[in-house]
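Undergrad: Per my numbering, the very first residue in the sequence shown carries number 1; after that it's consecutive.
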Amino acid sequence: MTDRKSKNHVYCKVIDAIQGTRSKLLIEILKRFLTIDDCEVILALRYEPEPLEKVAERLREDPKTARKRLEKAISKGVCYFISTAQDVLYRRQPLFAIVETLFVDGRDRQLGDDFRAILAKYWNEEFIHKYYDVEKPRYRIIPVEKSIPFATLVIPYQYAADILRRAKRIVLLRCTCRSWFQRCDNPVETCMLLDDAAEYYQARGSYIKELTVKESLEILHRTEELGLIHATDNVAEDAKFLCSCCPCCCVVLRGLIAYGKRKAVAKSLYVARVDESKCTGCGECVKRCYFGAAALHGGKRRVDAEKCFGCGACAWVCKNNAIALVPVRESMRGPSSA
């Protein structure tokens, strides 16, 4: 009994370290795929990237032994590394990033359906409230480029194609959310990681393939045809991922749509505008809007600008080109709070 209490205490310390919520359910989840040895490494790491020697000092091991443990931790998804010109730096992964590696790697299939079920229960009932009760959104919507008039396509890092063209490296991954929740038949090979995040997954061997810019843009185009919504990290530049999200599985969109967490995702800089002279009132745009911003009034589409997130999915589906995105917010100079 004492040994069990001692181990549970270690897992509770890890929960605090990886920004989880103390819960018997999460302890059970972590015990399924993390050993006490893994926990020791997590507790020795910090969120600020550090050189090997500092981590080795906390582990009370020589650098060679510590490096081996860190390599194992990287393979388990609990340690992230960044290669610089001078050194390799290591940092701790937060809970969601750790969970993400389970699905990207396919380890979720080894852990079984019951594991996915208790993980979903923990996410939906406990963790989602902490994860999205933040001052500024972690993610932001990126609009479909086709929906933006050419004259306004001058704001860097504000649309998906620009982000991909600026990336030095792009890799394709399985979508964590659709692999996890499996609520639709949209493709799972759609998520893209960029630059050092791409290097990380390449080193772990858990990516599908490295992409050229042309290949990544083709994937982007296919997801737009399916009505998927682009999201990225909420930074002014140097984004590390680009996802194509569905409202039924995506933890980002569902934080907003299903749980009403307004800080789950930031709006793009744009809002949809309708040319009533072209609108036939077919209603296709209303079906495509996941945010409740579109409605028909008097046979014409109306936009609730407050609810519109500027994704452009409605404009993509409009056969009469009656909808366009127009900029209504200033260009980002830091994480958006919209």
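Positions of the beta carbon are idealized from the N, C-alpha and C atoms, including for glycine.
1) Which same chain residues, not among the five before or five after V154, have their C-beta less than 7 Å away from its C-beta?
2) Determine, using beta-carbon pairs with one atom in the segment 34–51 and one in the segment 137–144, whether at least three such pairs fall under 8 Å.
3) Kindly indicate which residue of L256, A305, Y122, I15 has the alpha-carbon position closest to the one of V134.
4) If you check the beta carbons only, do N234 and V271 fall under 9 Å apart?
5) Among the candidates K76, P51, S83, A85, whose CA atom is the shortest distance from the CA of E100?
6) Say whether the segment 99–119 touches the segment 60–73, bearing in mind that this needs 3 or more beta-carbon pairs closer than 8 Å, one atom from each stretch.
7) DSSP puts L242 in a beta bridge; with which residues?
8) Going by C-alpha distance, which of H9, I27, Y200, Y290 is nearest G227?
9) To the nearest angstrom, how far is it from the Cα of E126 to the Cα of G299?
10) Provide the residue(s) that pair with S179 in DSSP beta bridges, ordered along the chain.
11) Would the beta-carbon of C314 fall within 9 Å of that of R301?
12) From L211 to E53, what distance separates their C-alpha atoms?
13) Under 9 Å, do A203 and F81 count as touching if we go by C-beta distance?
14) Mapping the DSSP letters down to three states, classify L172 as helix, strand or coil.
15) Given this structure, state the Cα-to-Cα distance separating K13 from T35, to the nearest angstrom.
16) Of the residues V317, V78, P51, which one's Cα is nearest the Cα of K37?
17) Three-state secondary structure (DSSP) at E237?
18) Would Q182 be called buried (16 or more neighbouring beta carbons within 10 Å of its own) or exposed?
19) Classify R222: buried if its beta carbon has 16 or more other beta carbons within 10 angstroms, exposed otherwise.
20) Can you check which of these residues, S179, W180, P187, A239, is closest to D195 by C-alpha distance?
21) Specify the secondary structure class of P247 as computed by DSSP and reduced to three states.
22) List the DSSP bridge partners of R91.
23) Please report the residue range of the beta strand (DSSP E) in which Y270 lies.
24) Would you kindly work out how many angstroms separate the C-alpha atoms of C248 and F96, rounded to a whole number?
25) Who are L226's beta bridge partners in DSSP?
26) Taking all protein chains shown into account, decide if C184 is buried (16 or more other Cβ within 10 angstroms of its Cβ) or exposed.
27) Measuring straight from C-alpha to C-alpha, what distance separates F309 and K7?
28) How far does the beta strand (DSSP E) with I42 in it extend, from its first residue to its last?
29) Residues in the same chain with beta-carbon distance under 6 Å from S179, minus the five sequence neighbours each way, listed in chain order, please.
30) Distance check for K278 and K209, CA to CA, integer angstroms please.
31) May I ask which residues mark the beginning and end of the beta strand (DSSP E) holding Y139?
TA: Reading it off the structure:
1) For V154, the pLDDT reaches just 43, beneath the cut-off of 50, and the residue's location in the model is therefore unreliable, although a value from the coordinates is still provided. Around V154: no qualifying Cβ.
2) no
3) Of all alpha-carbon atoms in L256, A305, Y122, I15, the one lying nearest the alpha-carbon of V134 is that of L256.
4) Contact flag unset, no.
5) K76
6) With the cut-off at 8 Å, the segment 99–119 and the segment 60–73 do not touch.
7) M192, T232
8) Minimum Cα distance to G227 is reached at Y290.
9) Roughly 43 Å separates the two Cα atoms.
10) Beta-bridge pairing links S179 to no other residue.
11) yes
12) 34 Å
13) yes
14) strand
15) As the crow flies, the alpha-carbon of K13 is around 14 Å from that of T35.
16) In the sequence under discussion, the amino acid at residue 37 is Asp, which differs from the Lys named in the question. If we check each option's Cα against that of D37, V78 comes out closest.
17) Coil, per DSSP.
18) exposed
19) exposed
20) A239
21) For P247, the secondary structure class from DSSP, reduced to helix, strand or coil, is coil.
22) Y80
23) 270–274
24) 18 Å
25) According to DSSP, which records beta bridges pairwise, L226 is partnered with nothing at all.
26) exposed
27) 45 Å
28) It is not in any beta strand (DSSP E) - I42 instead sits in the alpha helix (DSSP H) that spans 36–44.
29) Around S179: F103, V188.
30) 42 Å
31) Y139: member of the beta strand (DSSP E) spanning 139–142, first to last residue.
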